[in-house]
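Note that numbering that gives the first Met the number 0 gives residue 5 to position 6 of the sequence shown, counting from 1, and the numbers run on in steps of one.
Ideal Cβ positions, reconstructed from N, Cα and C, are used throughout, including at glycine.
Note that the coordinates shown come from a computational prediction; the quantities given were computed from them, not determined experimentally.
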Amino acid sequence: MTNKSVIQTENAPEAIGTYSQAVKAGDTVYLSGQIPLDPATMDVVSGDISVSIRRVFDNLAAVCEASGGKLQDIVKLNIYLTDLGNFATVNEIMATYFQEPYPARAAIGVAALPKGVPVEMDAVMVLS
Numbered sequence: 000m001t002n003k004s005v006i007q008t009e010n011a012p013e014a015i016g017t018y019s020q021a022v023k024a025g026d027t028v029y030l031s032g033q034i035p036l037d038p039a040t041m042d043v044v045s046g047d048i049s050v051s052i053r054r055v056f057d058n059l060a061a062v063c064e065a066s067g068g069k070l071q072d073i074v075k076l077n078i079y080l081t082d083l084g085n086f087a088t089v090n091e092i093m094a095t096y097f098q099e100p101y102p103a104r105a106a107i108g109v110a111a112l113p114k115g116v117p118v119e120m121d122a123v124m125v126l127s
């Protein structure tokens, strides 16, 4: 695929494995999973689940911006939670980052996430 490019920004955590922060193919950007890492220190943020969720949205926003888009351009969002009891908190915070029309979304309960964090999100964005 000749129109594929890697997206990287210092405003989001660097990849901690064999992957890119995002890959752009045509007008579609595939954003890798973001966890609540502070991009400046690469440490997991401290605080309650709301702090973690906000950090993940901020990290996704930074990668969106580096790709030439914004959170509102996301068409599919996957949310992974180690405790689905935090689903209402995700909805409440997500409403401060997105306006209608909201992206298609899945919320998935998982046993564990990298670095023991409570939330991870990945997304697909289409640039207009």
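Taking each of Val116, Thr88, Val74 and Glu91 in turn and checking the Cα distance to Arg104, the smallest one comes out for Val74. Our two residues, Leu59 and Gly84, have alpha carbons roughly 22 Å apart in a direct line. Only residues of its own chain outside the window of five on either side were considered, and among them Ile6, Gln7, Thr8, Ala11, Ala14, Ser31 and Val62 have a CB closer than 7 Å to the CB of Gln20, listed in chain order. Pairing Val118 with Thr81 gives a Cβ-Cβ distance under 9 Å. Sequence-distant Cβ neighbours of Ile48 in its own chain, meaning closer than 6 Å and more than five residues away, are Asn85, Thr88 and Pro117. The distance from the Cβ of Met124 to that of Gly46 is about 27 Å, inconsistent with a contact at the 8 Å cut-off. Lys75 has Ala103 and Val123 as its beta-bridge partners, per DSSP.
The three-state reading of DSSP puts Leu36 in strand, counting E and B together. Scanning its chain for C-beta atoms nearer than 8 Å, with the 5 sequence neighbours on each side dropped, one finds around Gly25 the residues Asn2, in chain order. Residues of the same chain with a CB within less than 6 Å of the CB of Ala65, apart from the 5 flanking positions on each side, are Ile6 and Thr8 in chain order. Short of 7 Å from the beta carbon of Gln71, and not among the five residues preceding or following it, lie these beta carbons of its own chain, in chain order: Phe97 and Gln98.
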